[in-house]
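In our numbering, the protein residues as written are 33 to 204. All residues carry an ideal CB built from backbone N, CA and C; glycine is no exception.
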(Lines of atoms letter the chains of each structure in order from A; the text may use other names.)
(Lines give C-alpha, C1' and ligand atoms only; values in the text may rest on other atoms or scores of the structure.)
Protein backbone atom coordinates (compact mmCIF):
# COMPACT_ATOMS: atom_id res chain seq x y z
CA UNK A 33 0.00 0.00 0.00
CA UNK A 34 1.48 3.31 -0.97
CA UNK A 35 0.24 6.85 -1.41
CA UNK A 36 2.05 9.28 -3.69
CA UNK A 37 1.62 12.76 -2.30
CA UNK A 38 1.41 14.79 -5.50
CA UNK A 39 -1.48 16.25 -7.48
CA UNK A 40 -0.57 14.72 -10.86
CA UNK A 41 -0.92 11.10 -9.65
CA UNK A 42 2.47 10.44 -11.21
CA UNK A 43 5.13 8.38 -9.47
CA UNK A 44 7.12 11.49 -8.58
CA UNK A 45 7.16 13.68 -5.52
CA UNK A 46 6.71 12.86 -1.87
CA UNK A 47 5.50 9.39 -0.94
CA UNK A 48 4.70 7.30 2.09
CA UNK A 49 3.83 3.68 2.37
CA UNK A 50 3.15 0.79 4.71
CA UNK A 51 3.41 -2.94 4.24
CA UNK A 52 2.95 -6.19 6.11
CA UNK A 53 5.00 -9.11 4.91
CA UNK A 54 5.66 -12.66 5.97
CA UNK A 55 9.18 -14.06 5.74
CA UNK A 56 10.37 -17.60 6.36
CA UNK A 57 13.75 -19.29 6.33
CA UNK A 58 13.88 -23.07 6.27
CA UNK A 59 17.10 -25.08 6.55
CA UNK A 60 17.38 -28.83 6.43
CA UNK A 61 20.68 -30.30 7.55
CA UNK A 62 21.49 -33.94 6.97
CA UNK A 63 24.53 -35.47 8.70
CA UNK A 64 23.52 -38.93 9.77
CA UNK A 65 20.49 -37.49 11.57
CA UNK A 66 17.96 -35.18 9.95
CA UNK A 67 17.68 -31.82 11.67
CA UNK A 68 15.20 -29.22 10.52
CA UNK A 69 15.33 -25.53 11.39
CA UNK A 70 12.89 -22.86 10.34
CA UNK A 71 12.24 -19.30 11.43
CA UNK A 72 9.13 -17.24 10.66
CA UNK A 73 8.81 -13.47 10.80
CA UNK A 74 5.88 -11.11 10.36
CA UNK A 75 7.27 -7.73 9.38
CA UNK A 76 5.52 -4.38 9.59
CA UNK A 77 7.20 -1.86 7.30
CA UNK A 78 7.00 1.88 6.73
CA UNK A 79 8.48 4.01 3.92
CA UNK A 80 8.78 7.73 3.52
CA UNK A 81 10.67 9.66 0.87
CA UNK A 82 10.86 11.75 -2.26
CA UNK A 83 11.32 10.68 -5.87
CA UNK A 84 11.77 12.84 -8.96
CA UNK A 85 13.69 10.86 -11.59
CA UNK A 86 13.47 11.73 -15.29
CA UNK A 87 14.50 9.07 -17.80
CA UNK A 88 16.11 10.40 -20.98
CA UNK A 89 17.25 8.54 -24.07
CA UNK A 90 20.77 7.74 -22.85
CA UNK A 91 20.74 8.65 -19.14
CA UNK A 92 18.59 10.02 -16.34
CA UNK A 93 18.42 13.03 -14.07
CA UNK A 94 16.90 13.88 -10.72
CA UNK A 95 16.86 12.74 -7.11
CA UNK A 96 15.47 9.90 -5.02
CA UNK A 97 15.84 9.66 -1.25
CA UNK A 98 14.03 8.14 1.67
CA UNK A 99 13.82 6.15 4.87
CA UNK A 100 12.55 2.59 5.42
CA UNK A 101 11.71 0.98 8.74
CA UNK A 102 11.00 -2.74 9.24
CA UNK A 103 9.67 -3.98 12.60
CA UNK A 104 9.31 -7.61 13.61
CA UNK A 105 8.11 -8.48 17.11
CA UNK A 106 6.33 -11.29 18.93
CA UNK A 107 3.35 -8.97 19.53
CA UNK A 108 2.52 -9.26 15.79
CA UNK A 109 2.99 -13.04 15.79
CA UNK A 110 6.63 -13.17 14.78
CA UNK A 111 9.18 -15.74 15.97
CA UNK A 112 12.05 -13.43 15.01
CA UNK A 113 12.44 -9.95 16.51
CA UNK A 114 14.31 -7.05 14.91
CA UNK A 115 14.13 -3.36 14.07
CA UNK A 116 15.80 -2.45 10.76
CA UNK A 117 16.49 1.16 9.68
CA UNK A 118 17.55 2.06 6.14
CA UNK A 119 18.37 5.52 4.69
CA UNK A 120 19.18 6.08 1.02
CA UNK A 121 20.01 8.96 -1.31
CA UNK A 122 20.40 8.77 -5.10
CA UNK A 123 21.11 11.69 -7.39
CA UNK A 124 21.62 11.79 -11.15
CA UNK A 125 23.33 14.97 -12.37
CA UNK A 126 23.09 16.02 -16.03
CA UNK A 127 25.13 18.83 -17.58
CA UNK A 128 23.69 21.45 -19.95
CA UNK A 129 26.91 21.66 -21.91
CA UNK A 130 27.16 17.82 -22.21
CA UNK A 131 23.57 16.52 -22.02
CA UNK A 132 24.52 12.91 -22.76
CA UNK A 133 27.04 12.76 -19.88
CA UNK A 134 26.07 12.52 -16.26
CA UNK A 135 27.34 11.82 -12.75
CA UNK A 136 25.40 9.38 -10.58
CA UNK A 137 25.77 9.33 -6.78
CA UNK A 138 24.22 6.78 -4.45
CA UNK A 139 24.61 6.58 -0.66
CA UNK A 140 23.07 4.01 1.67
CA UNK A 141 23.17 3.65 5.44
CA UNK A 142 21.44 0.92 7.39
CA UNK A 143 21.32 -0.58 10.86
CA UNK A 144 19.48 -3.47 12.47
CA UNK A 145 19.42 -4.23 16.20
CA UNK A 146 19.39 -7.97 15.47
CA UNK A 147 19.88 -10.52 12.71
CA UNK A 148 16.99 -11.08 10.31
CA UNK A 149 15.87 -14.72 10.24
CA UNK A 150 19.19 -15.79 11.75
CA UNK A 151 21.28 -14.05 9.09
CA UNK A 152 22.99 -10.68 8.90
CA UNK A 153 20.53 -7.93 7.95
CA UNK A 154 22.65 -6.37 5.16
CA UNK A 155 25.13 -7.54 2.54
CA UNK A 156 27.40 -5.86 0.00
CA UNK A 157 29.13 -7.20 -3.07
CA UNK A 158 28.28 -7.80 -6.71
CA UNK A 159 26.11 -4.98 -8.08
CA UNK A 160 26.47 -2.52 -5.17
CA UNK A 161 30.20 -3.06 -4.51
CA UNK A 162 31.65 -3.93 -7.91
CA UNK A 163 34.80 -6.05 -7.97
CA UNK A 164 33.65 -8.28 -5.11
CA UNK A 165 31.51 -11.39 -5.26
CA UNK A 166 27.87 -11.13 -4.17
CA UNK A 167 27.36 -10.98 -0.38
CA UNK A 168 31.12 -10.60 0.25
CA UNK A 169 30.54 -8.25 3.21
CA UNK A 170 27.67 -8.90 5.63
CA UNK A 171 26.58 -7.41 8.93
CA UNK A 172 23.86 -5.61 10.82
CA UNK A 173 25.25 -2.15 10.02
CA UNK A 174 26.04 -1.06 6.46
CA UNK A 175 27.39 1.99 4.66
CA UNK A 176 27.96 2.27 0.93
CA UNK A 177 28.61 5.01 -1.60
CA UNK A 178 28.78 4.69 -5.37
CA UNK A 179 29.90 7.48 -7.71
CA UNK A 180 29.86 7.07 -11.50
CA UNK A 181 30.73 9.41 -14.34
CA UNK A 182 29.12 8.23 -17.57
CA UNK A 183 30.48 9.57 -20.88
CA UNK A 184 29.02 8.60 -24.28
CA UNK A 185 31.11 7.34 -27.20
CA UNK A 186 31.47 10.33 -29.62
CA UNK A 187 29.90 8.54 -32.61
CA UNK A 188 27.57 6.09 -30.80
CA UNK A 189 25.98 7.58 -27.67
CA UNK A 190 24.31 4.27 -26.83
CA UNK A 191 27.82 3.05 -25.96
CA UNK A 192 28.99 4.75 -22.77
CA UNK A 193 32.24 4.78 -20.86
CA UNK A 194 31.87 4.62 -17.09
CA UNK A 195 34.39 5.73 -14.49
CA UNK A 196 33.31 4.70 -11.03
CA UNK A 197 34.32 4.29 -7.42
CA UNK A 198 32.45 2.13 -4.94
CA UNK A 199 33.02 2.43 -1.19
CA UNK A 200 31.34 0.43 1.52
CA UNK A 201 31.42 -1.96 4.39
CA UNK A 202 29.04 -4.05 6.44
CA UNK A 203 29.83 -4.93 10.03
CA UNK A 204 28.24 -6.29 13.18
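Going by other Cβ atoms of all chains shown within 10 Å of its Cβ, with 16 needed for buried, is residue i buried or exposed?
| i | result |
| --- | --- |
| residue 54 | exposed |
| residue 112 | buried |
| residue 154 | buried |
| residue 33 | With a pLDDT of 44 at residue 33, under the threshold of 50, the modelled position of that residue is not reliable, and the figure given next carries that caveat. Burial call: exposed. |
| residue 110 | buried |
Can you look up residue i in the DSSP assignment and give me helix, strand or coil?
| i | result |
| --- | --- |
| residue 110 | coil |
| residue 83 | strand |
| residue 153 | coil |
| residue 33 | Note that residue 33 has pLDDT 44, beneath the 50 cutoff, so the model's placement of it is unreliable and the number below is only indicative. Residue state, collapsed to three classes: coil. |
| residue 101 | strand |
| residue 200 | strand |
| residue 180 | strand |
| residue 140 | strand |
| residue 132 | coil |
| residue 44 | coil |
| residue 95 | strand |
| residue 116 | strand |
| residue 88 | coil |
Is the separation between the beta-carbon of residue i and that of residue j shorter than 7 Å?
| i | j | result |
| --- | --- | --- |
| residue 141 | residue 175 | yes |
| residue 79 | residue 100 | yes |
| residue 182 | residue 194 | yes |
| residue 32 | residue 146 | This structure cannot settle anything about residue 32, because the visible part of the chain is limited to 33 through 204. |
| residue 84 | residue 94 | yes |
| residue 198 | residue 172 | no |
| residue 46 | residue 82 | yes |
| residue 114 | residue 104 | yes |
On the DSSP bridge assignment, give the partners of residue i in chain order.
| i | result |
| --- | --- |
| residue 164 | According to DSSP, residue 164 bridges with nothing at all. |
| residue 187 | Residue 187 pairs with nothing; no bridge assigned. |
| residue 77 | 51, 102 |
| residue 171 | 154 |
| residue 58 | 70 |
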